[in-house]
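Undergrad: Residue numbering for the sequence shown follows the working numbering, starting at 433 and increasing by one per position.
Where a beta carbon is used, it is the ideal one built from N, C-alpha and C, also for glycine.
The structure presented is a predicted model; accordingly, all values stated were derived computationally and were not measured.
Handing you this structure, nothing more for now.
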Amino acid sequence: MTKKERFEKFIEYFKVHMPVAETELNYSTPYELLVAVILSAQCTDKRVNILTPAIFEKYPTVFDMKTATPEDIFHLIKTCSYPNNKSKHLVGMANVLIEEFKGVVPDDIKELQKLPGVGRKTANVITSVVFNKPAMAVDTHVFRVSARIGLATNSKTPLDTEKQLVKYIPEELLSIAHHWLILHGRYVCNARKPKCFHCGLTEFCAFYERME
433 MTKKERFEKF IEYFKVHMPV AETELNYSTP YELLVAVILS AQCTDKRVNI
483 LTPAIFEKYP TVFDMKTATP EDIFHLIKTC SYPNNKSKHL VGMANVLIEE
533 FKGVVPDDIK ELQKLPGVGR KTANVITSVV FNKPAMAVDT HVFRVSARIG
583 LATNSKTPLD TEKQLVKYIP EELLSIAHHW LILHGRYVCN ARKPKCFHCG
633 LTEFCAFYER ME
């Protein structure tokens with residue numbers, strides 16, 4: 433099976449079986465999603481959704497967040513992974529967002545990466561989810577699942593995986609395909625014990641082919 437055929441079958445399957453796929457992070461503004469995605473690094477969306485209501489109650493806007501100290505934020509996110517770093521990132525993000533962007537979350541990937549705590553993955557999530565731009569964020573699930581299926585081959589880095597996915601997935605489907613891969617990795621193609629016998633992708637999955 434060619435790589436192109438694998439992508440075609442992948443898209444065909446999810447168009448039918450998951451026509452709607454969205455982020456599982458709870459948010460109501462670009463600022464709130466930015467905070468949630470920064471917190472979600474190596475942390476589950478479920479945990480982030482537990483933490484963010486208290487954060488947004490106390491700091492409902494980026495201007496409120498700017499008044500906080502890292503210590504203030506730390507007490508609200510201490511059950512999250514890397515709370516020390518993320519506390520500093522959130523306060524730094526608020527300061528830079530106000531100083532350089534007048535408090536408005538930018539819709540450009542390069543501009544977003546000027547914010548503390550925002551790497552390429554986070555920037556892609558924001559541009560894709562908030563601004564509906566064609567972008568492919570590669571997190572641990574996307575990296576793993578696309579390699580297992582055979583969509584990204586011999587990839588050593590998230591950027592390499594992103595380039596391969598962007599090359600073969602139509603621009604208008606990039607945003608939803610990002611969620612297809614994440615949700616499949618989260619609930620079916622688990623890191624340690626993939627649920628191959630409950631998976632609808634085995635017909636064209638390179639990992640499953642090798643198992644047979």
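(1) Go ahead and label P626 buried or exposed: buried means 16 or more other beta carbons lie within 10 angstroms of its beta carbon, across all protein chains shown.
(2) With 16 other CB atoms within 10 Å as the buried threshold, where does R624 fall?
(3) Helix, strand or coil for D496 per DSSP?
(4) Mapping the DSSP letters down to three states, classify T461 as helix, strand or coil.
(5) Where in the stretch 546-595 do unbroken runs of the alpha helix (DSSP H), each at least 4 residues long, occur, reported from the N-terminal end onward?
(6) Counting C-beta neighbours from all protein chains within 10 Å, is the total for F495 16 or more, i.e. buried, or is it exposed?
(7) Rounded to whole angstroms, what's the CA-CA distance from R438 to L597? Just pull it up for me.
(8) With a cut-off of 8 angstroms, do at least 3 Cβ pairs link the stretch 625-644 to the stretch 440-451?
(9) Hey, L544 and V550: beta-carbon distance below 8 angstroms or not?
(10) Just to check my reading of the structure: H573 and T455 have Cβ atoms closer than 8 angstroms, yes? What is that Cβ distance to the nearest angstrom?
(11) What is the rounded straight-line gap between the Cα of E531 and the Cα of N564?
(12) Using the beta-carbon count (16 or more within 10 Å), is M525 buried or exposed?
TA: Here's the rundown:
(1) Around the Cβ of P626, a 10 Å sphere holds 16 or more other Cβ atoms; the residue is buried.
(2) Of the other Cβ atoms in all chains shown, fewer than 16 fall within 10 Å of the Cβ of R624; this residue is therefore exposed.
(3) The answer is helix: DSSP assigns D496 an H, G or I state.
(4) Note: T461 maps to coil in three-state DSSP.
(5) Whole alpha helix (DSSP H) segments, 4+ residues: 552-561 and 572-581.
(6) Counting every other CB atom within 10 Å of its CB across the protein chains shown gives F495 a total below 16, marking it as exposed.
(7) Across the structure, R438 and L597 are spaced so that their CA atoms are roughly 12 angstroms apart.
(8) Touching, per the Cβ criterion.
(9) Their beta carbons are under 8 angstroms apart, which means L544 touches V550 by this criterion.
(10) About 12 angstroms; that fails the 8 angstroms criterion.
(11) Those two C-alpha atoms are separated by around 25 angstroms.
(12) Per the 10 Å Cβ criterion, buried.
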